[in-house]
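Novice: Note that our numbering has the sequence shown beginning at 1273, numbered continuously upward. Virtual Cβ for every residue (Gly too), placed ideally from N, Cα, C. What you are looking at is a predicted structure, and each value in this text was computed from that prediction instead of being measured. Mind looking over this structure? Questions follow.
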Amino acid sequence: MSYLPLVGLPADTHESHGFLFHSIGDKYVRAVAEVALCTPVMIPSMIDALEIDSLLDHFDGIVMTGAVSNVHPPHYGEQPSAAHEPYDHARDATTLKLIERVLARAMPLFCICRGFQELNVVMGGTLETELQDVEGRIDHRAPKHEDVEVRYAPAHAINIRPGGQLEKILGKRETMVNSIHRQGIKRLAKGLAVEATAPDGIIEAVSVRDARSFAIGTQWHPEYKALNNPDSVKLFTAFGNAVRAYAKTRGAPARAIA
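Right, here's the structure in full:
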C-alpha cells in the first residue's frame, strides 16, 4: 500500500450529439500517475458549478494540459478571428481562474502547451497566432501524418537558459523537443522568466519568477510517452517531488492507494 497526493488536471470540453463532454488525454494522466507518482483527478470545466478555492483544498498540485483549442483572444486583448480557432470557452472560464488561485497558494503547477499559453495570459502576457505564417519563424506544427509517433517525434532543438530552473532539472543546456502548436508567446508576462527558446526565438519554456514551489511551463509535450523520455522523466519527477513536499507542508492527510 502506498500514499499518493492528488494532482488535478482541467478538462477540455466538446459537444457530441447535442451533449457537452469533459475529457483529458490519456498521456497526461498517465505521466502524472506513472512518472510523477501521484493520483490524477479530472477537474471539469464548469466554473459556474465550482468553488475554486474549496476545490483546491483537496489537491496538492495542478497540471494544465495541452488541447486542440486556443485561448480566446479577448482574454489577452486581441480580436478573435478564424485564424485563432478552435475555442473552448468553458475551459477558458475555468482554467484562467484556476491558474490565478493556484499561483496565489504557491501550489506546484506544471503548464503544458495550451496550459503554457494560459499561464502567460493569466500573468498579463499575449499570444501570437499562426507562427508558420510569420517571417523568420519555423513551422511549429506537427507533421501531417496518421502515425502519432511521427507527429510527436523530436522536431527541433531548444536552447536552455544557463542557471535557470530548467537547466537545474534537466542538467543540460540544449535538448530536442517535439513541436505541435500554431500559437506561441508574443509578449512575455513580467512575472515569468524565459527558460528555453527555439532556434527562431520562440519561447519554449518559462518559470514563474520568485515561485515558492515548482511553477514551470513548456510549449512542447513532455507528457508524450513520458516514461521513455529521460527529459520527461526528470520534469515529471521534479513536479511529483514538489507535489509531495507541498502536501507535507500543508499537513494534507495521507490517501491510501492499494
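Pair every Cβ in the region 1312 to 1322 with every Cβ in the region 1507 to 1526, then say whether three or more of these pairs are closer than 8 Å.
Specialist: The region 1312 to 1322 vs the region 1507 to 1526: no contact.
Novice: Relative to the C-alpha of C1385, which candidate in P1352, Y1348, I1475, F1511 has its C-alpha closest?
Specialist: One-based indexing of the sequence shown puts residue 1385 at position 113. Checking every option, the nearest Cα to that of C1385 belongs to I1475.
Novice: Mind the definition here: the region 1284 to 1293 touches the region 1353 to 1371 only if three or more C-beta pairs lie below 8 Å; say whether that holds.
Specialist: Flag = yes, the region 1284 to 1293 and the region 1353 to 1371 touch.
Novice: What does DSSP give as the partner residue(s) for S1288 in the beta ladder?
Specialist: Within the sequence shown, numbered from 1, the residue matching residue 1288 stands at position 16. Paired residue(s): F1291.
Novice: Would you call the region 1326 to 1335 in contact with the region 1277 to 1284, where contact means no fewer than 3 C-beta pairs closer than 8 Å?
Specialist: Enough Cβ pairs lie closer than 8 Å, so yes.
Novice: Exposed or buried, P1415, counting other C-beta atoms within 10 Å across all chains shown (16 or more means buried)?
Specialist: The residue labelled residue 1415 in the question sits at position 143 within the sequence shown. Classification for P1415: exposed.
Novice: In this structure, how does DSSP classify Y1496 when only helix, strand and coil are distinguished?
Specialist: Residue numbering aside, residue 1496 sits at position 224 when the sequence shown is read from its first letter. Coil at Y1496, not helix or strand.
Novice: Quick check on DSSP: helix, strand or coil for E1446?
Specialist: Position 174 of the sequence shown, counted from the first residue, corresponds to residue 1446. DSSP places E1446 in strand when its eight states are reduced to three.
Novice: Let's see if you can read the secondary structure: which residues bound the alpha helix (DSSP H) around I1594?
Specialist: Because the chain here runs from 1273 to 1530, residue 1594 falls outside it and cannot be looked at.
Novice: Exposed or buried, what is G1512 when buried is set at 16 or more other beta-carbons lying within 10 Å of its beta-carbon?
Specialist: Counted from its first residue, the sequence shown places residue 1512 at position 240. G1512 comes out buried.
Novice: Rank H1347, V1301, S1451 by C-alpha distance to the C-alpha of D1472 and give the top, closest one.
Specialist: Position 200 of the sequence shown, counted from the start, is the residue given in the question as residue 1472. Comparing Cα-Cα distances from D1472 to each of H1347, V1301, S1451, the minimum goes to S1451.
Novice: Let's see if you can read the secondary structure: which residues bound the beta strand (DSSP E) around R1459?
Specialist: Taking the first residue of the sequence shown as position 1, residue 1459 is located at position 187. Residues 1456 to 1459.
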